[in-house]
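Please read the structure below before turning to the comments.
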Amino acid sequence: MNLPISGQQIKTEKSNRTAMMEFVLLGFSDTPQLQWTLFGIFSSIYLIILMCNSIIILITNIDPALQTPMYFFVGNFSFLEICYETITISRMLVDLCTQKGNISFFACAAQMYFVLMLGGMECLLLTLMAYDRYVAICNPLHYALVTNHKVCTQLVAACWISVIPIVIGQTYQIFSLPFCGSNRINHFFCDICPVLMLVCGDTFANKIGVYVAVVVFLMIPFLLITVSYGKLISNILKLTSAIGRANGFSTCSSHLIVVVLFYGSASITYLQPKTNQSEGIGKLLSLFCTVLTPTLNPITYTLRNKDITVSLRKLQTKLVA
213 MNLPISGQQI KTEKSNRTAM MEFVLLGFSD TPQLQWTLFG IFSSIYLIIL
263 MCNSIIILIT NIDPALQTPM YFFVGNFSFL EICYETITIS RMLVDLCTQK
313 GNISFFACAA QMYFVLMLGG MECLLLTLMA YDRYVAICNP LHYALVTNHK
363 VCTQLVAACW ISVIPIVIGQ TYQIFSLPFC GSNRINHFFC DICPVLMLVC
413 GDTFANKIGV YVAVVVFLMI PFLLITVSYG KLISNILKLT SAIGRANGFS
463 TCSSHLIVVV LFYGSASITY LQPKTNQSEG IGKLLSLFCT VLTPTLNPIT
513 YTLRNKDITV SLRKLQTKLV A
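Numbering (this note's numbering), first residue to last: 213 to 533.
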């Protein structure tokens with residue numbers, strides 16, 4: 213027997229459907245008096261990230277001295293950093309400028325997809341960079357053969373091929389869930405955990421899927437990097453020459469600092485139990501992972517890397533001449 217549908221039921225269904233078609237990113241709306249100050253700060257940070265990473269990409273492509281596997285990976289990593297920050301910070305700047313956080317359902321899904329894809333790629337690329345340093349120091353006679361340009365290109369392509377379908381499946385699974393009630397995301401971009409908090413019903417299976425993805429793209433690469441650097445450091449310490457040991461540590465120190473910053477911030481953000489932190493703390497940690505770490509990465513590579521420093525001086529000389 214079909215029961216008559218009341219006007220209130222129809223209105224409720226329309227309201228729920230509307231909430232599903234649009235989200236509101238709260239961002240920093242709780243501090244309206246700081247909106248323009250934050251806009252200025254994050255605009256400056258975004259420009260620094262764009263400028264530094266663009267310079268790294270430029271010099272690794274035009275300087276013959278930097279046409280090596282190591283700097284091929286560094287250039288790719290800088291490209292990923294630019295894309296990641298464009299997806300996250302540029303959206304945050306628009307919301308700070310307009311003081312509106314409205315984002316459509318599909319735009320939110322697209323943003324989450326690109327954030328997960330680029331984050332996963334950075335994890336895998338850091339692993340490739342650790343492997344490159346391991347071969348260069350522990351197996352130098354075969355370095356040119358094992359890490360030639362063709363092999364490096366194939367490795368990067370394999371990373372893309374492995375990340376894209378998994379991220380598509382993860383994003384589709386989350387945004388296929390029913391959303392109801394509040395459509396306000398207490399975050400400055402569409403991240404997994406804040407979005408899942410708006411889902412109706414049981415999200416246990418989805419959270420397990422998220423943790424599995426984190427283990428695959430965060431913990432396993434980190435373990436591989438740890439093993440690589442364990443063997444690498446062991447080989448460096450066996451060198452009898454103090455100069456040789458210094459050169460060995462200098463070669464891998466920049467990458468090691470970037471790894472510690474990246475994995476440290478990402479682990480705290482995504483692996484810490486959410487019951488142990490407030491939404492504000494989670495947003496602050498995510499801000500550190502999204503803004504501060506990418507700002508430090510190119511600075512680390514330029515200040516602690518002699519090859520890039522020399523290349524920058526040569527570029528500066530050409531521009532001034």
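Positions of the beta carbon are idealized from the N, C-alpha and C atoms, including for glycine. Since we're looking at a predicted model, the values are computed, not measured.
When only Cα atoms are considered, residue 380 and residue 419 end up about 16 Å apart. A Cβ-Cβ distance of about 44 Å is found for the pair residue 242 and residue 523, leaving them out of contact under the 8 Å criterion. By the C-beta criterion, the stretch 316-335 is judged to be in contact with the stretch 398-415, since at least 3 inter-stretch pairs fall below 8 Å. Taking the Cα of residue 351 as reference, the smallest distance to any Cα among 511, 477 and 460 is reached at 460.
The beta strand (DSSP E) runs of length 3 or more contained entirely in the stretch 463-529 do not exist; there are none.
Under the DSSP assignment, residue 273 falls in the alpha helix (DSSP H) whose first and last residues are 247-274. Note: residue 236 is bridge-paired with 314 and 396 in the DSSP secondary-structure output. Annotation for residue 288: 337 and 368 place their beta carbon closer than 7 Å to its own, counting only its chain and skipping 5 residues before and after. Using a 10 angstroms sphere on the CB of residue 424, the tally of other CB atoms stays under 16, which defines it as exposed.
Around the Cβ of residue 233, a 10 Å sphere holds fewer than 16 other Cβ atoms; the residue is exposed. Annotation for residue 447: the continuous alpha helix (DSSP H) segment containing it runs 432-449. In the displayed model, residue 391 falls within a strand according to three-state DSSP. Secondary-structure assignment with DSSP links residue 411 through a beta bridge to 391. Closest option to residue 268, judged by alpha-carbon separation, among 256, 449 and 285: 285. DSSP places residue 344 in the helix class (H, G or I) of the three-state scheme. By alpha-carbon distance to residue 295, the top candidate from 382, 280, 247 and 266 is 266. In the structure shown, residue 403 adopts coil according to DSSP, grouped into three states. Three or more pairs of CB atoms, one per stretch, sit closer than 8 Å, so the stretch 428-447 contacts the stretch 325-340.
Note on geometry: alpha-carbon atoms of residue 361 and residue 517 lie some 21 Å from one another. Just measuring C-alpha positions, the residue of 359, 237, 353 and 261 sitting nearest residue 316 is 237.
In the structure shown, the three-state DSSP call for residue 459 is helix. 510 is the residue among 519, 396 and 510 whose C-alpha sits nearest the C-alpha of residue 261. When DSSP states are grouped into helix, strand and coil, residue 418 belongs to the helix group.
When the five nearest sequence neighbours on each side are left out, the beta carbons in the same chain lying within less than 7 Å of the beta carbon of residue 422 are those of 404, in order along the chain.
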